Amino acid sequence: MAEKAPEEFTLRKLLFNDNGKFCLPCTLYKSFRYVSGANLGGSDASSASVGVDTAAPSVSITEGANIPAPPQDTTVAPPQGVTVAAVATVAANAAPAAPVSEFIPGSRTYLKEDPPDVNKVGAASWTFLHAMAAKYPEEPTPTQQGEMSEFLSLFSRVYPCFWCAKDFEKYIGAHAPQVQSREELSLWLCGAHNKVNKKLGKAQFNCDFWRQRWSDGWEGDN
Ligand SMILES: Cc1cc2nc3c(=O)[nH]c(=O)nc-3n(C[C@H](O)[C@H](O)[C@H](O)COP(=O)(O)OP(=O)(O)OC[C@H]3O[C@@H](n4cnc5c(N)ncnc54)[C@H](O)[C@@H]3O)c2cc1C
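Okay, so the sequence shown: first residue is 325 according to the working numbering, each after it adds one.
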């Protein structure tokens, strides 16, 4: 059961300017603040901080129309320079509200996630490795080639899954990483990944598509 929103942050509570007109940005900001837990800095716009734990998604605070502070409401004072668009975008991207008990104590940003298992570490690691290879220089210097070889060797020794690390180390011993170019490194990595896929009974990935998967995307592809 979701936690009930405090009265002053209820989404339906509308805010009005001194002239009696409905203040959309003030209301949006208030809703956003409740949904995300973010505090864009209150009345002190210069210290607006959106990267700390209490802030949810990053938000661009741009030069633009100033948002008037909500009248007779000192709980929320949107920082100057936050545009309606910025507030609206962040409100739309904000994480869905979850019961307070599901967050790490003291946080409205970080959920109580479990430690990663071998699959989660694996998928994240392959993502990192393939993305790294996709950004490797087309024509690496001898130093860059040496560093990449050394990195992969060290990676295979510190990988946080003992039997995975052992097998990967063995694979590297039998198939030296091809570090002469981006293309060669990416194809070598694809082969290494396919070796693990095979061991786990998974389908082989077609290495002809490494570039689309890890570098260029699939636009224009059928
Ligand atoms: C070095 C290493 C060794 C591992 N050893 C083991 C092990 O011994 N036992 C074990 O249980 N798990 C191991 N893992 C984890 C395992 O490989 C998977 O990461 C895990 O099972 C999760 O699989 P997944 O279905 O999320 O996709 P993953 O295999 O993690 O792949 C992620 C994505 O990469 C793409 N992809 C798949 N294959 C290729 C490829 N050949 N080339 C390019 N892109 C590809 C696909 O889009 C896929 O969705 C290892 C991981 C690493 C990094």
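Heads up, the beta-carbon is just placed ideally off N, CA and C, and yes, glycines get one too.
Remember, it's a predicted structure, so these values are computed and weren't measured experimentally.
Taken through DSSP and simplified to helix, strand or coil, LEU509 comes out as helix. Out of ASP532, LEU524, MET472, LEU513, the CA that lies nearest to the CA of TRP487 is found in LEU524. With a cutoff of 9 angstroms on beta-carbon distance, ARG506 and HIS454 are scored as not near each other. Secondary structure at LEU524: coil, using DSSP grouped into helix, strand and coil.
Put simply, of ASP441, PRO440, GLU426 the residue whose alpha carbon is nearest the alpha carbon of TYR434 is GLU426. A straight-line Cα-Cα distance of about 30 angstroms links GLU508 and ASP441.
For a cut-off of 8 angstroms, the C-beta gap from TYR495 to ALA516 is around 6 angstroms, short enough to register as a contact. Considering only GLY430, CYS485, ASN530, PRO466, the residue with the shortest C-alpha distance to ALA447 is CYS485.
For PHE529, the secondary structure class from DSSP, reduced to helix, strand or coil, is coil. Assignment of beta-bridge partners to PHE427 by DSSP yields LEU435. If you check the CB distance, ALA500 and SER473 come in under 9 angstroms. Between the C-alpha atoms of LYS444 and PRO464 there is a straight-line separation of about 31 angstroms. For TYR460, there is no enclosing alpha helix (DSSP H), since its DSSP letter is neither H nor E. The straight-line gap separating the alpha-carbon atoms of PHE529 and THR451 is approximately 14 angstroms.
It is roughly 6 angstroms from the alpha-carbon of ARG481 to the alpha-carbon of ALA489.
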